[in-house]
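Q: Numbering (our numbering), first residue to last: 2 to 409. Submitted below is the structure of interest, expressed as structure tokens.
See the structure below:
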């Protein structure tokens, strides 16, 4: 998270420096505000002068000594985006977290979007609540794929594997197959998802949940995304991927490969990402030691979770680790600097084992097995209930209720 935030800040800072040297010109209309329904309330940060638009066209940045290409939405103003996709229909398959966020953003950006889900199911009802109309913009999966030219497969990884025998014959020559995760294509031995050889296969992977994709778009900002090409039949697959990245609400896009995306994603979400077990395990271990040494539940929670999530993690995300250390007391800073290499040494073998488990397909097999069970929802609910009932999180509910911004 801190890397994405800091890289975005670097790009914006470079844009501001270049723009400050250019003569002021009348502002042009914002391309990616909330369109007409947001009206004048659209954030001003995306109302760019021509000079600023040119300054934002930075393509190569230095990330700790490594040169990387960065794509950004100013490359694709709405008029250009509309012209590029004027003959296309984006068929969005699945309406979970990513389907919801990407679909609504693309629709608000003026794309021709339809949604394909199981008729009468929960996702069908949710799509209707969001304004998708049966028979016009909402269809059963097979019908949506037939109508679409760009097939955005945003079903869950397990569902992509389960439905592929029905989906594959419908991905005909000339269509484009789009993913937001490299999982299915990379681990084809387990998922049996093998794209047809005569279609472009691309990826746009937002670095956050679908809800965040939607929220940042509505704020006039934009999420960071990875883009990749698995198969380039037309010679324009990467161009198409970056354009779609903008259409679904990306602010900046970083080029990768399907393989690297899925390896880093599975590894990160099992490691230090906020949904990773390292965070939960680290919190629980520290909390248990404090409780075993006579500290109260509130004190143990405050020292373990509350201070980290409400004070320290935001500082790291916004400014970096060194800034966070400088913001701490001299005593806290000395202890952190002394213990950091100890924790690194202890954790490194675990992370090496984790990466190998991702790379050799073990994590894929485990995920597909569990998420394909008929009792998946019940089994998951049981696991989450056990976590919810742990003392640390029961204490946390009371601590959170004392926050000034607490909402029941």
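Glycine is no exception: its CB is placed at the ideal position from the N, C-alpha and C atoms.
Check each candidate in 89, 75, 88, 133 and name the one with the smallest Cα separation from residue 100.
A: 133
Q: Measure how close the beta-carbons of residue 205 and residue 242 come, nearest whole angstrom, since I'm counting them as under 8 Å.
A: 6 Å
Q: Kindly indicate which residue of 297, 119, 108, 125 has the alpha-carbon position closest to the one of residue 79.
A: When only C-alpha atoms are compared, the closest one is 108.
Q: Pairs of beta-carbons, one from the stretch 186-195 and one from the stretch 62-79, closer than 8 Å: are there three or more?
A: no
Q: Between the C-alpha atoms of residue 401 and residue 217, what's the straight-line distance to the nearest angstrom?
A: Rounded to whole angstroms, the gap between the alpha carbons of residue 401 and residue 217 is 25 Å.
Q: Using DSSP's beta-bridge definition, name the partner residues of residue 207.
A: 226
Q: For residue 263, I'd like the list of residues in its chain whose CB is within less than 6 Å of its CB, leaving aside the five on either flank, ordered along the chain.
A: 183, 184, 187
Q: Just list the residues that DSSP pairs residue 238 with in beta bridges.
A: Bridge partners of residue 238: none, in fact.
Q: Counting C-beta neighbours from all protein chains within 10 Å, is the total for residue 365 16 or more, i.e. buried, or is it exposed?
A: Burial state of residue 365 is buried, judged by a 10 Å Cβ sphere holding 16 or more other Cβ atoms.
Q: Hey, which unbroken runs of the alpha helix (DSSP H) at 4 residues or more fall wholly within the stretch 124-180?
A: 142-148, 158-168
Q: Look at the Cβ atom of residue 162, then the Cβ atom of residue 369, and state whether they are nearer than 8 Å.
A: Contact flag set, yes.
Q: Rounded to whole angstroms, what's the CA-CA distance from residue 213 to residue 314? Just pull it up for me.
A: 18 Å
Q: Threshold first: 3 residues or longer. Then list the beta strand (DSSP E) segments lying entirely within the stretch 57-114, N to C.
A: Qualifying beta strand (DSSP E) stretches, in chain order: 61-64, 67-73, 91-94.
Q: Give me the Cα-Cα distance between residue 208 and residue 379, rounded to the nearest whole angstrom.
A: 28 Å
Q: Count the other CB atoms, across all protein chains shown, that sit within 10 Å of the CB of residue 73; report buried if there are 16 or more and exposed otherwise.
A: buried
Q: What is the residue span of the alpha helix (DSSP H) that residue 377 lies within?
A: Where residue 377 is concerned, the enclosing alpha helix (DSSP H) stretches over 377-389.
Q: In the DSSP assignment, find the alpha helix (DSSP H) that holds residue 255 and state where it starts and stops.
A: Looking at the DSSP string, residue 255 is not in any alpha helix (DSSP H); the run it does join, the beta strand (DSSP E), is 251-256.
Q: Counting Cβ pairs closer than 8 Å, one from the stretch 83-98 and one from the stretch 111-122, do we hit at least three?
A: Judged by Cβ distances under 8 Å, the stretch 83-98 makes contact with the stretch 111-122, as three or more pairs qualify.
Q: Give me whichever residues DSSP pairs with residue 116 in a beta bridge.
A: Residue 116 is bridged to 93, 139.
Q: Roughly how many angstroms separate the alpha carbons of residue 332 and residue 339, rounded to a whole number?
A: 11 Å
Q: Provide the residue span of the alpha helix (DSSP H) that contains residue 336, from first to last.
A: Following the DSSP letters along the chain, one finds residue 336 inside the alpha helix (DSSP H) bounded by residues 331-360.
Q: Taking only the alpha-carbon atoms, compute the straight-line gap between residue 372 and residue 159 and give it to the nearest angstrom.
A: The alpha-carbon separation between residue 372 and residue 159 amounts to approximately 6 Å.
Q: Determine the closest residue to residue 120 out of 61, 110, 135, 111, with distance taken between C-alpha atoms.
A: Measuring from the Cα of residue 120, the nearest candidate turns out to be 135.
Q: Does residue 214 come out as helix, strand or coil in the three-state DSSP assignment?
A: helix
Q: I'd like to confirm the pairing. Which residues does DSSP put opposite residue 232 in its beta bridges?
A: Note: residue 232 sits in a beta bridge opposite 202.
Q: By the three-class DSSP mapping on this structure, what secondary structure does residue 393 have?
A: helix
Q: Go ahead and pull the three-state DSSP assignment for residue 18.
A: At residue 18 the pLDDT is 42, less than 50, meaning the model places this residue with poor confidence and gives no usable figure here.
Q: Roughly how many angstroms lie between the CA atoms of residue 234 and residue 199, to the nearest whole one?
A: 6 Å
Q: Quick one: grab the DSSP three-state call for residue 411.
A: With the chain covering only 2 through 409, there is no way to say anything about residue 411.
Q: Can you say whether residue 257 is buried or exposed, counting buried as having 16 or more other CB atoms within 10 angstroms of its CB?
A: buried
Q: Starting from the C-beta of residue 360, find all residues in its chain whose C-beta is less than 8 Å away, skip the five residues before and the five after it, and write them out in chain order.
A: 264
Q: With 8 Å as the threshold, decide whether the Cβ of residue 266 is near any Cβ in chain B.
A: The structure shown contains no chain B, having only a single protein chain.
Q: Tell me whether residue 389 is buried or exposed, calling it buried when 16 or more other Cβ atoms sit within 10 Å of its Cβ.
A: exposed
Q: With residue 176 and residue 152 assumed to form a contact (beta carbons below 8 Å), what rounded beta-carbon distance in angstroms separates them?
A: Right, their Cβ atoms sit about 6 Å apart.
Q: With residue 110 and residue 215 assumed to form a contact (beta carbons below 8 Å), what rounded beta-carbon distance in angstroms separates them?
A: Not confirmed; about 12 Å, so no contact.
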